[in-house]
Amino acid sequence: MSALILDGKTLAAQTEAELAKRVAIVKEQSGGQAPILATILVGGDPASATYVKMKQNACKRVGMESIAVEMSEQTTTEQLLEKIAELNSNPNCHGILLQHPAPPQIDERACFDAIALEKDVDGVTCLGFGRMAMNEPAYGSATPQGIMRILEGYNIEMAGKHAVVVGRSPILGKPMSLMLLNANATVTICHSKTQNLPELIKQADILVGAVGRPEFIKAEWIKDGAVVVDAGYHPGGVGDIELAPPVDRVAAYTPVPGGVGPMTINTLILQSVEAAEKSLL
Ligand code: NAP
């Protein structure tokens with residue numbers, strides 16, 4: 049069997065071309081004002097700084113602008129809340145991205161939840177999560193929403209399939225599970241206290257690895273014909289799933305890199321453009 053490569057990089061590039069056109073229309077309709085994403089980076093973590101830069105570059109590629117907010121490592125929750133309130137009330141700011149993780153003294157949940165629903169283009173608020181879970185309009189958490197877009201883009205059948213999600217973080221595993229449930233999959237959610245993980249993974253028609261440990265999910269646990277989605281990215285270019293050996297016996301898989309990563313940023317940008325379009329209605 050030759051596995052289908054779920055090529056997030058190409059899908060993201062195609063979407064960017066469409067988004068550039070939509071951005072041009074927004075600009076035209078708003079007297080030259082491009083959609084604006086505000087990025088908030090707190091502290092000096094180099095990986096976070098790189099992610100924020102990549103998001104700002106993606107904005108540029110489609111003709112959007114960004115407001116780059118950089119705050120010191122010593123920032124307090126109150127100072128961050130004040131900044132978010134300021135961006136919430138700025139009519140020229142259409143989306144707000146607070147880069148995770150914030151330094152430990154910050155109440156990150158309180159800060160995420162302070163983002164106005166209509167500007168929550170990274171899908172991090174409890175309100176947005178709840179609405180998404182209830183199938184009400186809301187921006188999905190960017191990584192799982194990006195994964196759904198890949199699965200839909202490649203016409204992967206989800207209804208009635210057994211999806212196994214390994215990981216239950218607020219930004220990834222948990223929303224991923226509910227999105228798959230809403231797509232009528234039968235969903236098993238696994239985490240660090242799960243027993244018999246290999247047995248559960250062996251039942252997966254659709255497997256999502258979101259564990260944060262390099263090649264933690266072993267090739268021999270994956271059943272023939274499964275659709276394999278790997279959210280992880282670690283030094284050396286490996287993901288959370290040991291992928292190389294089963295590649296010829298799975299039905300489809302996301303490559304690492306070039307699978308989930310590009311679709312996460314692309315989803316953030318897509319949802320920012322949608323927010324700007326809605327602001328004109
Ligand atoms: P996280 O917050 O660290 O969560 C990891 C999850 O894995 C937790 O729910 C944890 O369970 C579970 N886990 C840990 N050890 C386990 C074990 N032995 N067996 C089963 N489950 C276990 O990580 P995250 O933010 O969700 O990220 C997950 C992965 O996705 C990472 O590799 C990260 O780099 C990647 N990621 C990629 C993107 C992208 O854009 N491509 C974006 C975000 C994240 P507990 O809840 O019980 O602790």
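Following the working numbering, the numbering of the sequence shown begins with 49 at its first residue and continues without gaps. C-beta: ideal position from N, C-alpha, C; glycine also.
### Separation of Cys159 from Glu130, as counted between CA atoms
Approximately 10 angstroms, taken between the alpha carbons.
### Task
Kindly provide the chain-ordered list of residues whose Cβ lies closer than 6 angstroms to any non-hydrogen atom of ligand 1.
Ordered along the chain, the selected set is Thr191, Val214, Gly215, Arg216, Ser217, Ile219, Leu220, Gly221, Cys238, His239, Ser240, Lys241, Thr242, Leu245, Ala258, Val259, Gly260, Ala279, Gly280, Tyr281, Asp288, Val308, Gly309, Thr312.
### Query
Nearest-angstrom Cα distance between Ile204 and Ile132?
Roughly 38 angstroms separates the two Cα atoms.
### Task
Label Pro223 either buried or exposed according to how many other C-beta atoms from any shown protein chain fall within 10 Å of its C-beta, with 16 as the threshold for buried.
Pro223 should be labelled buried.
### Task
Check Thr302 in the structure and name its three-state DSSP category.
In the structure shown, Thr302 sits in coil (DSSP, three-state: anything other than H, G, I, E or B).
### Message
Could you compute how far the alpha carbon of Glu134 sits from the alpha carbon of Leu85?
### Response
Distance between the alpha carbons of Glu134 and Leu85 is about 14 angstroms.
### Proximity winner among Val298, Gly79, Ser225, relative to Val213 (alpha-carbon distances)
Distance from the Cα of Val213 is smallest, within the candidate group Val298, Gly79, Ser225, for Ser225.
### Task
Identify the continuous alpha helix (DSSP H) that holds Met180 and give its terminal residues.
Counting along the chain, Met180 sits inside the alpha helix (DSSP H) bounded by residues 174-181.
### Query
Which residues in the same chain as Ala233 place their Cβ atom closer than 6 angstroms to its Cβ, once the five residues preceding and following it in sequence are excluded?
Around Ala233, the same chain offers Met206, Lys209, Ala211 as residues with beta carbons nearer than 6 angstroms, after the five sequence neighbours per side are excluded.
### Met119, DSSP secondary structure in three states
Residue state for Met119 is assigned as strand, using DSSP reduced to three classes.
### Query
Could you give the distance in angstroms between the alpha-carbon of Arg197 and the alpha-carbon of Ile317?
The alpha-carbon atoms of Arg197 and Ile317 are separated by roughly 13 angstroms.
### Inside the segment 79-139 only - alpha helix (DSSP H) runs reaching at least 4 residues
Within the segment 79-139, the complete alpha helix (DSSP H) segments of 4 residues or longer fall at 94-109, 125-136, listed in chain order.
### Message
Could you give the first and the last residue of the continuous beta strand (DSSP E) run that contains Ala267?
### Response
Counting along the chain, no beta strand (DSSP E) covers Ala267, and no H or E run does either.
### Query
From the beta carbon of Thr234, is the nearest beta carbon of chain D less than 8 angstroms away?
The structure shown contains no chain D; it is built from a single protein chain.
### One or two residues paired with Ala211 in a DSSP bridge
Answer is Val235, Ile254, bridged to Ala211.
### Message
Using a 10 Å radius around the Cβ and a threshold of 16 neighbouring Cβ atoms, would you call Ile88 buried or exposed?
### Response
Around the Cβ of Ile88, a 10 Å sphere holds 16 or more other Cβ atoms; the residue is buried.
### Query
So Ala320 and Val169 are in contact, right, with Cβ under 8 angstroms, and what is the actual spacing, rounded?
The residue asked about is misnamed: residue 320 is Ser in this sequence, not Ala. Ser320 to Val169, Cβ: 5 angstroms. Contact.
### Query
Helix, strand or coil: which one does DSSP assign to Leu52?
In this structure, Leu52 counts as strand in the three-state DSSP scheme.
### Query
In whole angstroms, what separates the C-alpha of Ala51 from that of Ile254?
Cα to Cα, Ala51 sits roughly 14 angstroms from Ile254.
### Task
Would you tell me roughly how many angstroms separate the C-alpha atoms of Ala323 and Thr58, rounded to the nearest one?
Between the C-alpha atoms of Ala323 and Thr58 there is a straight-line separation of about 24 angstroms.
### Task
Return the first residue and the last residue of the alpha helix (DSSP H) that Ile144 is part of.
Taken as a continuous stretch (DSSP letters only), Ile144 belongs to no alpha helix (DSSP H), being part of the beta strand (DSSP E) at 143-146.
### Message
So if DSSP puts Ile289 in a beta bridge, which residue, or which two residues, is it bridged to?
### Response
Beta-bridge partners of Ile289 (DSSP): Ile265.
### Query
Run through DSSP, which three-state label would Asp161 get?
Three-state DSSP puts Asp161 in a helix.
#### Entry: beta strand (DSSP E) segment containing Val275, residue limits
First-last of the beta strand (DSSP E) with Val275: 275-278.
### Query
Nearest CA to the CA of Leu220: which residue from Gly143, Leu328, Asp278?
The alpha carbon of Leu220 has as its nearest neighbour, out of Gly143, Leu328, Asp278, the alpha carbon of Asp278.
### Query
Where do the ends of the alpha helix (DSSP H) carrying Glu325 lie?
Start and end: 308-327.
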